[in-house]
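Here is the structure:
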């Protein structure tokens, strides 16, 4: 969905139970990284299970623009013939990253220590998001960025001609910033270190090691340091992308809300840096099972089974858990609306600079659905409606945010009156089969017009 596409309203109504086994898309974070590291490796990287949402397709197009050969062989099956570390060529046109903050920030990191120039843009949502959190550490390597006021896209980045290694302490927990710095460090001499006070998703470190980079961890007074030895030769590897826990959250949480539901989602990543939502669901009293736990492509995975067992209870989510579930707070807020008691989400300031201000978007939408909410700069509190049920009966503004749209559609499946989202088009950026998948499980979703 582009900023100029016609909005696609979609309405969710309460109906029967959700039942069945369903395959959610490949993990978006890992899909981005597989394409980028494949482009920086020597040889052919074969990828299976790649998410084919628009965000990832935009990253694939960007890797082609920088000189890698990227080929789709069939659903989820891709290959990347890389150009090696430091081998990116200068793109002839503007790099359009669509809606993807992950894509643009990681790609900027990957090119920042190569002496080329590239201009980046995106849709209306992405062009509102701050890039200074990435361009500031990239400037330490010697890269130069010129963008709109406030460090926003469109932005031109000039890669460093003589990059130097960097030691960078993350001011806020961010896997995107950590990954951008590590990717920039690939083409810098010596050791580049990123220090984080709170752990964030570690897919970049895992995959860099898998491609042959020398990477280690050390404890420091400021936090845990991820240390990369620069200028390696990355060797192409097969990458099996596990299924996305952030996408799995929608059918799983919907099953926990809708009476009589029993849904199984196989092959979902159980990476401990991504597991915060599922820990929280268990604390709320959810009937959630992790079956056939195993490793695939260097990542722990399991088959998830979620069954409705009645009204869940509100909980307090500690701030130190926020980084491990940062993309799942919208759907947790929807579930909290149906719980008994208050759910307090702390340490969620980062949600204000996602595809939308997700704290404000969820608070406004839930209030319109008849749910009592409170927000501060860094917290969101949802007072659940419990057995009385969420009133619903409104249209919610999604602000071009796929997770806001999917969260309110899930809530509409259990609300007393239908819930409409003003635009379901952005869902295609991360979960292109969301509507048919949920419909196959028994959800009542209806388009308009």
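Residue numbers (UniProt numbering): 1 to 449. We treat Cβ as the ideally placed atom computed from N, Cα and C, and that holds for glycine.
- prompt: Is residue 267 buried or exposed, if buried means 16 or more other CB atoms sit within 10 Å of its CB?
  reply: buried
- request: Compare the Cα-Cα distances from residue 443 to each of 413, 424, 422, 433 and report the closest residue.
  value: 413
message: For residue 36, count the other beta carbons within 10 Å of its own beta carbon; 16 or more makes it buried, fewer makes it exposed. Which is it?
response: buried
message: If contacts are defined as beta-carbon pairs under 8 Å, then residue 158 and residue 113 qualify, I think. What distance do you get, rounded to the angstrom?
response: About 11 Å separates the two Cβ atoms, so there is no contact after all.
- request: Could you say which of 141, 96, 357 lies nearest to residue 326 if we only look at CA atoms?
  value: 357
- prompt: So, are the CB atoms of residue 460 and residue 278 less than 8 Å apart?
  reply: It is not possible to answer for residue 460, since the shown part of the chain is limited to 1 through 449.
- request: Compute the beta-carbon to beta-carbon distance between residue 250 and residue 406, rounded to the nearest angstrom, for a pair I have assumed lies under 8 Å.
  value: 5 Å
- request: Just the C-alpha distance for residue 331 and residue 125, rounded to the nearest angstrom, thanks.
  value: 20 Å
query: Going by Cα to Cα distance, which pick from 372, 110, 18, 359 is closest to residue 348?
result: 359
message: Less than 8 Å between the C-beta atoms of residue 165 and residue 185, yes or no?
response: yes
- prompt: For residue 293, which beta-bridge partners are listed by DSSP?
  reply: Paired residue(s): none; residue 293 is not in a bridge.
- prompt: From residue 192 to residue 213, what does the alpha carbon distance come to, in whole angstroms?
  reply: 12 Å
task: Report yes if the CB atom of residue 452 is closer than 8 Å to the CB atom of residue 102, and no otherwise.
output: Residue coverage of the chain in this structure runs from 1 to 449, which leaves residue 452 outside it and unanswerable.
- prompt: Using 8 Å as the Cβ pair cut-off and three pairs as the minimum, do the stretch 230-237 and the stretch 56-64 touch?
  reply: no
query: When the Cα atoms are used, what is the spatial distance from residue 381 to residue 261?
result: 26 Å
- request: State yes or no: is the beta carbon of residue 263 nearer than 8 Å to at least one beta carbon in chain B?
  value: In the structure shown, chain B cannot be found, because there is only a single protein chain.
task: Measure the beta-carbon distance from residue 53 to residue 395 and round it to whole angstroms, keeping in mind my assumption that it falls under 8 Å.
output: Not really, about 25 Å apart at Cβ, beyond 8 Å.
task: Taking the CB atoms as reference points, tell me whether residue 285 and residue 313 lie closer together than 8 Å.
output: yes
- request: Apply the 10 Å Cβ neighbour rule to residue 4 and answer buried if 16 or more other Cβ atoms are within range, or exposed otherwise.
  value: Low per-residue confidence applies at residue 4: pLDDT is 48, beneath 50, and the placement is therefore not dependable enough to give any value.
query: Thinking just about the alpha-carbon of each residue, which of 269, 162, 169, 123 is nearest to the one in residue 134?
result: 169
message: Helix, strand or coil, according to DSSP, for residue 1 in the structure here?
response: At residue 1, the pLDDT of 40 sits below 50, so the modelled position is not reliable and the matter cannot be decided from this model.
- prompt: In this structure, does DSSP put residue 18 in helix, strand or coil?
  reply: coil
- prompt: Would DSSP call residue 231 helix, strand or coil?
  reply: coil
- prompt: Which stretch, first to last residue, makes up the beta strand (DSSP E) that contains residue 79?
  reply: 77-81
query: Between residue 386 and residue 340, is the Cβ-Cβ spacing less than 8 Å?
result: yes
task: Could you please give the first and the last residue of the uninterrupted alpha helix (DSSP H) stretch that includes residue 319?
output: Unbroken run through residue 319: none, as it is neither H nor E.
task: May I have a chain-ordered list of the beta strand (DSSP E) segments no shorter than 3 residues that lie completely inside the stretch 371-406?
output: 372-375, 379-383, 392-396
query: Whole-angstrom Cβ separation of residue 77 and residue 48, contact assumed at under 8 Å?
result: 6 Å
message: Could you give the first and the last residue of the continuous alpha helix (DSSP H) run that contains residue 283?
response: 276-283
task: Starting from residue 88, follow its DSSP beta bridges and name the residues at the other end.
output: Answer is none; residue 88 lacks a bridge partner.
- prompt: Residues in its own chain within less than 6 Å of residue 334 by CB, not counting five upstream and five downstream?
  reply: 407, 410, 411
Three-way DSSP call (helix, strand, coil) for residue 308 in this model: coil
Under the three-state DSSP convention, the category residue 431 falls into: coil
query: If you check the beta carbons only, do residue 137 and residue 181 fall under 8 Å apart?
result: yes
- prompt: How many angstroms separate the CA atom of residue 309 from the CA atom of residue 259?
  reply: 8 Å
query: By the 10 Å Cβ neighbour count, where 16 or more other Cβ atoms means buried, how is residue 365 classified, buried or exposed?
result: buried
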